[in-house]
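K.L.:
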Amino acid sequence: IDSSNIKQVSHSKLLGVSVDNHLSWANQIDEIAKKSLLWYGAIRRVKDYVDRNTLISIYNALIKPHFGYCSEVWGTLGQGHVRRLQVIQNRAARVILNWRNDSPHLEALAALGWDTLEEQWAKNKSKTMFK
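Using our numbering, you'd call the opening residue of the sequence shown number -1 and step up by one each time.
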């Protein structure tokens, strides 16, 4: 640009979204998983001291936004990345309901009225397309 060299970088972060030089979202997924697991641990630690509605509010305020932020851009992931994030949502649902870890995750999501992450991302894309 204007006879200036552009520095090549291995990855870049802009407005909270990370992408690497191979257009892979692995860094983005790593960051989402790290932040979500941090707050999942907090929910697990306080679950015996607060009611279910408070746990749902904590999830909606501290975990869910990470799953949805700019998902229209990075939401087209391979199944490995999707599964990694879906496991976190499933664990959070079971903790909020005080269910065992081997309980069916789809039943836990249904009991809370939650969609899977892929369903949420599809809805977000649809909303964006039809605005």
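Glycine is no exception: its CB is placed at the ideal position from the N, C-alpha and C atoms.
#1: Say whether the stretch 26 to 43 touches the stretch 76 to 92, bearing in mind that this needs 3 or more beta-carbon pairs closer than 8 Å, one atom from each stretch.
#2: Which whole runs of the alpha helix (DSSP H) in the stretch 31 to 71 are 4 residues long or more, in chain order?
#3: Determine the direct distance from the alpha carbon of Ser16 to that of Ser69, and round the result to whole angstroms.
#4: Measure the CB-CB distance between Trp97 and Ala106 and report whether it falls below 8 Å.
#5: Between Gln118, Ser124, Asp0 and Ser2, which lies nearest to His64 when the distance is taken from Cα to Cα?
#6: Taking 6 Å as the limit between beta carbons, can you name the residues of its chain near His79, skipping five residues before and five after?
#7: Per DSSP, what are the beta-bridge partners of Leu12 in this structure?
#8: Compare the C-alpha of Leu115 against each of Ser10, Leu12 and Lys62 and name the closest.
#9: Name the two residues that bound the continuous alpha helix (DSSP H) containing Arg89.
#10: Which class does Lys5 belong to by DSSP, given the choice of helix, strand or coil?
#11: For Asn25, does the three-state DSSP call read helix, strand or coil?
#12: Let me know if Tyr47 comes out buried or exposed under the rule of 16 or more other beta-carbons within 10 Å of its beta-carbon.
P.N.:
On the basis of the supplied data:
#1: yes
#2: 50 to 60 and 62 to 66
#3: Residue 69 sits at position 71 when you count from the first residue of the sequence shown. Residue 16 sits at position 18 when you count from the first residue of the sequence shown. Taking the straight line joining both Cα atoms gives about 12 Å.
#4: Here the question's residue 97 lines up with position 99 in the sequence shown. Here the question's residue 106 lines up with position 108 in the sequence shown. Taking 8 Å as the Cβ cut-off, Trp97 and Ala106 qualify as a contacting pair.
#5: The residue you call residue 64 lines up with position 66 of the sequence shown. Of Gln118, Ser124, Asp0 and Ser2, the residue nearest in Cα terms is Gln118.
#6: On the sequence shown, position 81 is the one that residue 79 refers to. Excluding sequence neighbours, His79 sits near Ile27.
#7: Within the sequence shown, the letter at position 14 stands for residue 12. DSSP lists Val15 as partners of Leu12.
#8: To locate residue 115, count along the sequence shown from 1; it is residue 117. Taking only the C-alpha atoms, the option nearest Leu115 is Lys62.
#9: As a working mapping, residue 89 is identified with position 91 in the sequence shown. Run containing Arg89: Gln77 to Leu95, per the alpha helix (DSSP H) assignment.
#10: Residue mapping note: residue 5 aligns to position 7 of the sequence shown, counting from 1. Coil at Lys5, not helix or strand.
#11: Counted from its first residue, the sequence shown places residue 25 at position 27. Three-state DSSP puts Asn25 in a helix.
#12: As a first step, residue 47 is located in the sequence shown; it is residue number 49 there, counting from the start. Exposed.
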